[in-house]
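What follows is a short report on a single structure.
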Amino acid sequence: MPQLIFSNFAPMNKIDIRTVNVVQYVQALREGGSLPAIVKADDDFLYVIKFRGAGQGKKALIAEFIGGELARAIGLNVPELVFMDLDDSFSKTEPDEEIQDLLKFSVGLNLGLHFLSGSITYDPLVSEVDPLTASKVVLLDSIISNIDRTTKNTNLLHWNKELWIIDNGASFYFHHDWKTWENHLTRTFPLIKDHVLLQKASQLEEASKEILQYIGEDRIKEIIYSIPEDWLLSESDIMTSNEMREAYILFLKTRLSKIDILIKEARDAR
């Protein structure tokens with residue numbers, strides 16, 4: 001296992017993420033297996049909430065958070081991400097047993113994305129996206145090993161005539177088995193061949209320059225050390241929360257160091 005060097009990282013180096021309280025469960029979004037929902041928070045805004053009690057648990061929230069904030073760092077459009085506190089009152093009044101269980105197991109801190117009212121799902125046959133934006137999305141998904149941005153499930157929205165990035169929860173799949181996570185340090189991302197934007201990603205070199213400019217070690221640490229401690233705690237994991245944070249940092253630094261290889265892989269797949 002690679003040696004992990006722990007950082008003395010002060011709280012002031014975290015990114016600024018708001019925490020809000022859920023005050024109303026508005027509507028279930030029965031898409032995929034995680035059953036996200038539209039909820040209202042105490043700031044009077046609507047959010048799409050990703051539940052800690054869903055199938056992939058808190059690790060999906062971690063992947064969503066890291067992927068979203070990295071995307072924002074390189075200038076891609078991402079709905080505001082907030083931490084959402086859910087109390088136990090909602091499960092007691094929910095008539096649907098499946099949703100009732102989900103709410104019961106999701107009491108505590110969850111992740112919310114600002115709801116983009118009127119947005120439409122990206123359609124590769126009719127939606128437009130400029131080559132540089134497409135290239136940045138493709139390269140970022142190679143870096144974070146996002147397996148879920150395909151024509152079957154684009155996880156992209158069009159809102160106000162712009163492309164918006166959502167649903168990064170299938171990224172960093174190595175963290176579902178910490179015993180073998182270091183094996184992923186030497187791998188590339190062959191599944192990029194299935195990426196919905198690959199054919200439009202004709203400016204990969206230009207995209208890589210922006211990525212390397214805006215995602216340095218300090219930015220990576222700011223994001224990783226902003227992950228709520230509670231999300232990293234699990235009785236089934238063999239690593240401490242500090243070890244996990246340093247693993248995410250090392251993984252991202254390693255991926256960035258081989259960005260030229262990822263570019264070649266994506267170009268060959270095109």
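The sequence shown begins at 1 in UniProt numbering and counts up by one.
Just so it is clear, CB atoms sit at the ideal spot from N, CA and C, and this is done for glycine as well.
What you are looking at is a predicted structure, and each value in this text was computed from that prediction instead of being measured.
Candidates the options, of which the one nearest residue i by Cα
i, options, result
"Trp-159", "Ile-38, Ala-266, Ser-127", "Ser-127"
"Ile-66", "Gly-57, Leu-81, Gly-75", "Leu-81"
"Ile-15", "Ile-49, Ala-60, Leu-29, Gly-68", "Gly-68"
"Ala-201", "Asp-85, Ala-73, Ser-135", "Ser-135"
"Lys-258", "Ser-241, Ser-142, Ile-147, Leu-29", "Ser-142"
"Ser-91", "Gly-108, Phe-83, Asn-77", "Gly-108"
"Asp-194", "Glu-205, Asn-153, Ile-165", "Asn-153"
"Ser-234", "His-176, Ala-63, Lys-104, Pro-79", "His-176"
"Asp-167", "Gln-27, Leu-35, Asn-13", "Leu-35"
"Ile-249", "Ile-38, Phe-189, Leu-70, Ala-28", "Leu-70"
"Asn-146", "Phe-189, Asp-101, Ser-226", "Phe-189"
"Thr-121", "Leu-157, Lys-209, Lys-59", "Leu-157"
"Leu-262", "Glu-205, Leu-29, Arg-149, Ile-227", "Glu-205"
"Leu-29", "Glu-64, Glu-98, Gly-57, Glu-246", "Glu-98"
"Leu-61", "Thr-254, Ile-227, Lys-253", "Ile-227"
"Asp-148", "Gly-57, Thr-254, Ala-63", "Ala-63"
"Gly-57", "Pro-79, Leu-116, Lys-253, Gly-169", "Gly-169"
"Asn-155", "Arg-187, Thr-254, Pro-79", "Pro-79"
Sequence-distant residues of its chain with Cβ nearer than 8 Å to residue i (five each side left out)
i, result
"Asp-237", "Trp-178, Met-244"
"Phe-251", "Phe-172, Phe-174, Trp-181, His-184, Leu-185"
"Ile-211", "Ile-74, Lys-136, Leu-139, Leu-140, Ile-143, Leu-256, Ile-259"
"Tyr-214", "Ala-73, Ile-74, Gly-75"
"Gly-118", "Trp-159"
"Glu-94", "Tyr-25, Gln-100, Leu-103"
"Phe-115", "Ile-38, Phe-45, Leu-46, Tyr-47, Val-48, Pro-79"
Proximity test, residue i beta-carbon vs the ligand SAH heavy atom, cut-off 7 Å
i, result
"Ile-215", "The model depicted lacks the ligand SAH and carries no ligand whatsoever."
Opposing strand residues paired with residue i [DSSP bridges]
i, result
"Val-48", "Ile-38, Leu-113"
"Tyr-25", "Val-39"
"Thr-150", "DSSP, once it has assigned bridges, lists no residue as partnering Thr-150."
"Asp-19", "Here residue 19 is Thr; the residue named in the question, Asp, does not match the sequence. Beta-bridge pairing links Thr-19 to Phe-83."
"Thr-121", "Leu-157"
"Asn-77", "Trp-164"
"Gly-108", "Leu-86"
Cutoff 6 Å; reference residue i; Cβ partners in own chain excluding five residues on either side
i, result
"Leu-232", "Ser-241, Met-244"
"Gly-112", "Tyr-47, Ile-49, Val-82, Met-84"
"Asn-77", "Glu-162, Trp-164"
"Arg-18", "Val-82"
"Gln-203", "Pro-131, Leu-132, Ser-135"
"Asn-110", "Ile-49, Phe-51, Arg-52, Met-84, Leu-86"
"Asp-88", "Val-107"
"Lys-104", "Ser-91"
"Met-239", "Trp-178"
"Thr-254", "Leu-185"
Sequence-distant residues of the same chain with beta carbon closer than 7 Å to residue i, five excluded per side
i, result
"Val-198", "The sequence shown places Leu at residue 198, rather than the Val named in the question. Cβ neighbours of Leu-198 beyond the five flanking positions: Val-138, Ile-192, Ala-266, Ala-269, Arg-270."
"Thr-151", "Pro-124, Val-196"
"Ser-106", "Phe-51, Arg-52, Gly-53, Leu-86"
"Ile-223", "Ile-15, Ile-66, Glu-69, Leu-70"
"Lys-59", "His-175, His-176"
"Gln-27", "Ala-37, Ile-38"
"Asp-230", "Gly-108, Leu-109"
"Ser-208", "Leu-139, Ile-259, Ile-263"
Given 8 Å, three or more beta-carbon pairs between the stretch 117-134 and the stretch 21-29: The way I'd put it, the stretch 117-134 doesn't touch the stretch 21-29; fewer than three beta-carbon pairs between them come closer than 8 Å.
Are three or more beta carbon pairs between the stretch 38-48 and the stretch 207-219 nearer than 8 Å? Counting C-beta pairs closer than 8 Å gives fewer than three between the stretch 38-48 and the stretch 207-219, which falls short of the contact rule.
Ordered list of beta strand (DSSP E) runs contained in the stretch 134-213, each at least 3 residues: 156-159, 162-165
Could I get the ranges of all uninterrupted alpha helix (DSSP H) runs contained in the stretch 236-268, with 4 residues as the minimum, in chain order? Complete alpha helix (DSSP H) runs here, min 4: 241-257.
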